[in-house]
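Per my numbering, residue -5 is the first one in the sequence shown, and the count goes up by one each step.
Just so you know, even glycine gets a beta-carbon here, dropped at the ideal spot from N, CA and C.
Small disclaimer: the values here were computed from a predicted structure and weren't measured.
In what follows, a single structure is set out as structure tokens and then discussed.
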Amino acid sequence: MTTGDPLEPRKREKLVGHLAAAGALASDVAGDRLHHAWILAGPRGIGKATLAFRFMRYLLAGQSEFLPQEAEAGPLHLRADNPVFRRVASGGHADLRTVEPEGARGEIRVNAMRDAIRFLRLTPGESAWRGLIVDGADSMNPNAQNAALKVLEEPPPNAMILLVAHRPSLLLPTVRSRCRILRLAPLDRAAFDEVLADIVPELDAEARARLFAVSGGSPGAALGLEQLGGRALKEAVDALLDSLPDINRRALGDIATAVTDAREPGYFQAFGRILMASLAERLRTDGPCAAWLETEADIARLLERSITLSLDRQQTLFEIIGNLARTAAGKGQGAGA
């Protein structure tokens, strides 16, 4: 995200959704039973990192004497004009370190984790705590995870480690076992609309409804889809599904151009989200069908494997289209019918 991105987690004062999770963290602080390491798990773009920075600000500001119900704007709240909030938002707080994926492979490497661990072992400079947020912790390579394991097993005094993970199953079992896991769900429609109305008020209700349907309740994913031309991509996907068992070559060409553009790999994930949402919508509308349910599951596995293993996107796309066409031909009608 860019520095001026209004969804940038470290700059977000407001927490929408996840108030129960925030309350659980605040209760542990107030009860003096706070675990030293947490995994905030859930789909990408639902506010996990926003909660992580909110919690760290709360600790660094010394708010442990506040009970959860006393916060005016929900648990763990700290006003944006608070000096701690401002330093965290600017990335200048002396007691907080953030590690994120980097490089062409988008991974967290061992040197970044070792540097962060050295930071954690220093004496706090501004507060009673030293904090580390690993945003995208599931992108740590094996060496980085083994380095993290050492500090998870023997944490320094007054150190707090938050691992923000989109796919916690990719973390080593030994890493997961040293952390408490807080699972966050996608936002419901009301919370989703609240976030988008705050961030992009120019979107009308129809556009928000369309983005909710294809984003799985993730405002971050929704905005990513919008920036990547998600509405045009959805039109192409729908045209392709409507044409089955024949293939709308123009729609396929539009999709192929988008998802195989090496400069924008995010298009492929956008395509996957849109396709799965469109299939699910058709199955709900037209009633369940064993053949289409099996095809839906096969496509979900294809998409997951392609993203996880960085497989050729064009080959995966054509394999998916082939599955759709074969299933439609077997039924003699379009997707979901």
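> Since A131 and L114 are thought to touch, with beta carbons under 8 Å apart, how far apart are those beta carbons, to the nearest angstrom?
Replying inline: About 15 Å separates the beta carbons of A131 and L114, which is beyond the 8 Å limit, so they are not a contact pair.
>> I need the straight-line Cα distance from M107 to G56, nearest angstrom please.
In response: Those two C-alpha atoms are separated by around 26 Å.
> At which residues does the beta strand (DSSP E) containing L217 begin and terminate?
Replying inline: Segment 213 to 221 is the alpha helix (DSSP H) holding L217; no beta strand (DSSP E) there.
> In the DSSP assignment, what residue or residues form a beta bridge with M360?
Replying inline: Residue 360 falls outside the range modelled here, since the chain spans only -5 to 331, and no answer is possible.
> Measuring CA to CA, which of A122, P95, K144, A110 is closest to M134?
Replying inline: Closest option to M134, Cα to Cα, is P95.
> Quick one: what does DSSP say R320 is sitting in, helix, strand or coil?
Replying inline: It is helical.
> Excluding five sequence neighbours on each side, which residues of the same chain lie with their C-beta closer than 8 Å to the C-beta of I314?
Replying inline: Here I314 has L269, I293, L296, L297 as same chain residues with Cβ atoms under 8 Å from its own Cβ, once five neighbours each way along the sequence are excluded.
> Just checking, does the region 158 to 171 make contact with the region 182 to 191 on the three C-beta pairs under 8 Å criterion?
Replying inline: Result no; under three Cβ-Cβ pairs closer than 8 Å.
>> Looking at the ligand ZN, does it come within less than 8 Å of L165, judged from the CB to the closest heavy atom?
In response: Of the ligands one can find in the structure shown there are none, so the ligand ZN has no counterpart to examine.
> In chain order, what residues of the same chain have a beta carbon less than 6 Å from the beta carbon of I33, not counting five sequence neighbours either side?
Replying inline: Closer than 6 Å at Cβ, skipping near neighbours: L157, A159, P162, C173, I175.
> What does a CB cutoff of less than 7 Å around T321 pick up in its chain, not counting 5 residues either side in sequence?
Replying inline: Correct list, in chain order: A285, W286, T289.
> Which residues mark the beginning and the end of the alpha helix (DSSP H) in which W286 is found?
Replying inline: W286 -> alpha helix (DSSP H) spans 284 to 303.
>> Mapping the DSSP letters down to three states, classify R177 as helix, strand or coil.
In response: Strand.
> What number of angstroms, rounded off, separates the C-alpha of A122 from the C-alpha of R267?
Replying inline: Going from the Cα of A122 to the Cα of R267 covers about 43 Å.
> Count the other CB atoms within 10 Å of the CB of K8; is the residue buried (16 or more) or exposed (fewer)?
Replying inline: In this structure K8 is exposed. Its beta-carbon is surrounded by fewer than 16 other beta-carbon atoms within 10 angstroms.
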